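Undergrad: Right, I'll just put the structure down here and ask away after.
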Amino acid sequence: MRKHRVAVIGCGAIARGWHCPNIVSNPRTELKVVCDVNATVAEGFRRTFNAEVSCTDWQDVVDRSDVDLIVLATHTNLRSEVILPALAAGKPVFVEKPLASTLAEMQ
Numbered sequence: 003m004r005k006h007r008v009a010v011i012g013c014g015a016i017a018r019g020w021h022c023p024n025i026v027s028n029p030r031t032e033l034k035v036v037c038d039v040n041a042t043v044a045e046g047f048r049r050t051f052n053a054e055v056s057c058t059d060w061q062d063v064v065d066r067s068d069v070d071l072i073v074l075a076t077h078t079n080l081r082s083e084v085i086l087p088a089l090a091a092g093k094p095v096f097v098e099k100p101l102a103s104t105l106a107e108m109q
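Sequential numbering from 3 applies to the sequence shown in the numbering used here.
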């Protein structure tokens, strides 16, 4: 069975302590891309978790054909701008709660 190719957007404490370790330890998933606005942080995650690629632009992740699903671990105020384009591109998205800071951000 082919592994699910996962991208993580947002390389903070939750991604470091929970998401990335669980992705790399699961035999059914592989960590394909890590993305953070800070290139140094993203590259550090790539090396630490043996991801194939690091980047700084979430749109690059959404546009990749070799990503099956996205784990969105950004700050709350950035989530709403990523969720809908990712879903429109056909990517399932796991989002840490809450989805947005306000209801208006999600409408």
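Where a beta carbon is used, it is the ideal one built from N, C-alpha and C, also for glycine.
Quick caveat, the model's predicted, so the values are computed rather than measured.
1) Could you check what DSSP says for residue 50 in three-state terms: helix, strand or coil?
2) Kindly identify the DSSP beta-bridge partner or partners of residue 56.
3) To the nearest angstrom, report how far apart residue 75 and residue 48 are at their CA atoms.
4) Could you pull out every residue in the same chain whose Cβ sits closer than 6 Å to the Cβ of residue 57, ignoring the five residues on either side in sequence?
5) Pick out whichever of 22, 9, 5 has its Cα sitting closest to the Cα of residue 31.
TA: Quick answer:
1) For the purposes of this step, residue 50 is identified with residue 48 of the sequence shown, where counting begins at 1. In this structure, residue 50 counts as helix in the three-state DSSP scheme.
2) Against the sequence shown, residue 56 aligns to sequence position 54. In the DSSP output, where bridge partners are listed per residue, residue 56 has 36.
3) As a first step, residue 75 is located in the sequence shown; it is residue number 73 there, counting from the start. As a first step, residue 48 is located in the sequence shown; it is residue number 46 there, counting from the start. Roughly 15 Å between the two C-alpha positions.
4) One-based indexing of the sequence shown puts residue 57 at position 55. For residue 57, where only same-chain residues beyond five positions count, the Cβ hits under 6 Å are 37.
5) Counting from 1 along the sequence shown, the entry for residue 31 is found at position 29. Of the candidates 22, 9, 5, the one whose C-alpha sits nearest the C-alpha of residue 31 is 5.
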